[in-house]
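Asker: Residue numbers for the sequence shown, in mature numbering (1 follows the signal peptide of the UniProt record, and there is no 0): -24 to -1, 1 to 477.
Think of the CB as a built atom: it goes at the ideal place given N, C-alpha and C, for glycine as much as any other residue.
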Amino acid sequence: MKCWAVRLAATLLCGLCAARATVAQDGSPFPEPGRLAGSGVGEIVLKSGTWNGARTDFGYVLVPENRTDPRSRLLELPFIRQHAVESPKAPPVFLLGGGPGQSNLWAELPPVFRAENDLVRVGYRGVDGSVKLICPQVGRALAEARPLSPEGIARTRDALRECHGELAADGVDIDGYNMVEVADDVEAVRKALGYDSIQLFSTSYGTQLADIYSRRYPEATHRSLMIGASSRARRFVWDVETVEGQLRGYADLWRADPEAAARTPDLLGTIRGVLDSLPAEWRGVPLDRDKLRLATFHLLYETGTAAAVLDAYVAASGGDMGGLAVICLGYDEDVQSTSRRYWGEFFSKIVSGGFPAAGAAAGAADTGVVLGSPANELWAAAGDGGWPIETIPEEYCRLASIAVPTLVLNGGLDFSSPPEQALELEAHLTNGTVVLLPGMGHMDVVRLQREAFEAAVSAFFIRGEIDTSGYRRPAPDFTPGETFQDYARELLGEDPPLVGE
């Protein structure tokens, strides 16, 4: 039970973009590795099977590790095609899921995604392919105390350099692990499977891949549906004022809720006070301000986890630090997970995507802020030679016109992709629409009102129509069904301490 509670907290921290279903790897559904030996670029091998009752092809495609190098070695990249339930009447949907640093193969999608079209998942290079940029030493460095301190950033930078050196010594060309290469991987699979055009379904980080693919291959892109879209021009930067503005929005909703306001009328002051007076430990569990800031930022992505983390801070202000202790435990487990976190892949995409790592931490700890931008502070570890990699062409580090028919669905409370970023993108969609759904977080658009979501998917991919009429604005709810304090009692004992204990 203790392991279950910690892993549950860690799962919340992951911010997964869709439910994940992992097929057991003993008895792999894929063809035997090496079947493509001696073959050329773009060649594929397939193995027929089933997945969740659907007729499915599991395959590998040969792609160059670095397309800018004519001498580049070839990689075997896996992909999965689930066939349409009925005879295909529309172009296939290609999934571009969240990350970076997570698999793109095993996201479970409802049958509406293949009702009248095939559904294809192309593995992400660096995670799903024959080269895996795991970098476990980075996770271990992040799990040590005070990861955002100068010492912590230096420690993570050293771990990044160590892993980068090991990969280079193994013959890995790190410059090939960028978003343009991923877009070209998708194109390679499209061509190999013989599709004239495809439709893109992208979430979170995947929307930036969809942006790049749509620009590089507009004739091959029939339609593009983005969930939780962000702006390529922001280059993975969350500025302090944007984060603080989103947090103030939550505080306004909290204050307008009589039950929540009765617990504390000043949510921001409560969070600041807890972080500023944090004890060193609670029942033997170290409480780390940096880890809490990082975890809090990610837990605020969606409304359910946001309610739970805000509840934990209010409980802590009354002396019950159990929720924060569980969050710290979950953070440690999550950053060190070699099945969920591929840190080399993560930093490859962030830095090559134009993130200004060298000056990322500047101004991040200004006085008066509540949370700041902990992600920016952490990613500064890639600066000063922490993760050397070539930046993708400048044209893909800014916004540009996209003529592909595009629908963007973003939540109004999305911490990961704030509404202003979606509106920035809308100005460059010459044949697109952005719909902001009030009261919803990052992937709440998919999860909270599934019937409305599936109706929107069907209308857009099958008929080319925009139908978000099924969505209803959810009422703010700051009372989580289960709290982090509940998990703490399972892990660490039944009775919370009294104030001042």
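Does the stretch 63 to 79 touch the stretch 173 to 186, meaning 3 or more C-beta pairs lie closer than 8 Å?
Answerer: Because the criterion of three Cβ pairs below 8 Å is met, the stretch 173 to 186 and the stretch 63 to 79 touch.
Asker: Only counting the same chain, and skipping five residues up and downstream in sequence, which positions put a Cβ closer than 6 Å to that of E41?
Answerer: S48, R49, L51, D149, G152
Asker: Alpha carbon to alpha carbon, what distance is there between K325 and D33?
Answerer: 28 Å
Asker: Put V103 into one of helix, strand or coil per three-state DSSP.
Answerer: coil
Asker: From what residue to what residue does the alpha helix (DSSP H) around E157 run?
Answerer: 155 to 169
Asker: Nearest-angstrom Cα distance between V384 and G77?
Answerer: 23 Å
Asker: Please classify A432 as buried or exposed, where buried requires at least 16 neighbouring CB atoms within 10 angstroms.
Answerer: buried
Asker: Tell me whether G75 is buried or exposed, calling it buried when 16 or more other Cβ atoms sit within 10 Å of its Cβ.
Answerer: buried
Asker: Going straight from the alpha carbon of P5 to that of D146, what length do you get?
Answerer: 28 Å
Asker: Hey, how far is the Cα of E466 from the Cα of A30?
Answerer: 40 Å
Asker: Check Y36 in the structure and name its three-state DSSP category.
Answerer: strand
Asker: Pair every Cβ in the stretch 155 to 166 with every Cβ in the stretch 119 to 128, then say whether three or more of these pairs are closer than 8 Å.
Answerer: no
Asker: Between L399 and E84, what straight-line distance do the alpha-carbon atoms span, to the nearest angstrom?
Answerer: Computed Cα separation, rounded: 29 Å.
Asker: For E366, count neighbouring C-beta atoms within 10 Å of its own C-beta (all shown protein chains included) and say buried if the count is 16 or more, exposed if not.
Answerer: exposed
Asker: Please work out which residues of its chain come closer than 7 Å, Cβ to Cβ, to G361, disregarding the five sequence neighbours upstream and downstream, and give them in chain order.
Answerer: R137
Asker: Measure the CB-CB distance between R328 and I378 and report whether it falls below 8 Å.
Answerer: Per the sequence shown, the amino acid found at residue 328 is Ser instead of Arg. No, Cβ-Cβ distance for S328 and I378 is not below 8 Å.
Asker: Quick one: residues in its chain with C-beta nearer than 7 Å to the C-beta of A(-16), no 5 flanking neighbours on either side, listed in chain order?
Answerer: For A(-16), the predicted model reports a pLDDT of 48, less than 50, meaning its position is unreliable; a value from the coordinates is still stated below. Once the five neighbours on either side are set aside, the close Cβ partners of A(-16) are V302, I303, L305, G306, F460, Y463.
Asker: Count the other CB atoms, across all protein chains shown, that sit within 10 Å of the CB of T279; report buried if there are 16 or more and exposed otherwise.
Answerer: buried
Asker: Measuring alpha carbon to alpha carbon, tell me which of P112, R57, L22, G387 ends up nearest Y36.
Answerer: L22
Asker: Does the beta-carbon of D296 have 16 or more other beta-carbons within 10 angstroms, so that it is buried, or is it exposed?
Answerer: buried
Asker: Tell me whether A338 sits in a helix, a strand or coil according to DSSP, three-state version.
Answerer: Low confidence applies here, because A338 scores a pLDDT of 44, under 50, leaving its location unreliable and the question unanswered by this model.
Asker: Is the beta carbon of G408 closer than 8 Å to that of G388?
Answerer: no
Asker: Using 8 Å as the cut-off, can you tell me whether the stretch 194 to 205 makes contact with the stretch 215 to 233, which would need three or more C-beta pairs spanning the two stretches below that distance?
Answerer: Of all C-beta pairs linking the stretch 194 to 205 to the stretch 215 to 233, fewer than three are shorter than 8 Å, placing the two stretches out of contact.
Asker: Check whether the stretch 55 to 69 touches the stretch 95 to 111, taking contact to mean three or more Cβ pairs, one atom from each stretch, closer than 8 Å.
Answerer: Yes: the two stretches touch, three or more of their Cβ pairs being nearer than 8 Å.
Asker: Which two residues bound the contiguous alpha helix (DSSP H) that contains G280?
Answerer: 279 to 293
Asker: On the premise that V219 lies in contact with S349, defined as a C-beta separation below 8 Å, what is that separation, rounded to the nearest angstrom?
Answerer: Going by Cβ atoms, the distance from S349 to V219 rounds to 5 Å, so yes, they are a contact pair.
Asker: From E370 to R192, what does the alpha carbon distance come to, in whole angstroms?
Answerer: Approximately 14 Å between the Cα atoms of the pair.
Asker: Could you check whether A358 and F323 sit closer than 8 Å to each other, using their CB atoms as the reference points?
Answerer: yes
Asker: Give me the Cα-Cα distance between A291 and Y189, rounded to the nearest whole angstrom.
Answerer: Each residue's CA atom was taken as its position, placing A291 and Y189 some 46 Å apart.
Asker: Going straight from the alpha carbon of Y372 to that of R239, what length do you get?
Answerer: 47 Å
Asker: If we call anything under 8 Å between Cβ atoms a contact, is G10 one with L38?
Answerer: Between G10 and L38, the gap from beta carbon to beta carbon reaches 8 Å or more.
Asker: Tell me which residue opens and which closes the alpha helix (DSSP H) that T455 is part of.
Answerer: Premise fails: T455 is in no alpha helix (DSSP H) and is neither H nor E.
Asker: What is the DSSP secondary structure of P364, reduced to helix, strand or coil?
Answerer: coil
Asker: At the level of alpha carbons, what is the spacing between A403 and L413?
Answerer: 18 Å
Asker: So A119 and Q312 are supposed to be a Cβ contact under 8 Å. How far apart are they, rounded?
Answerer: 5 Å
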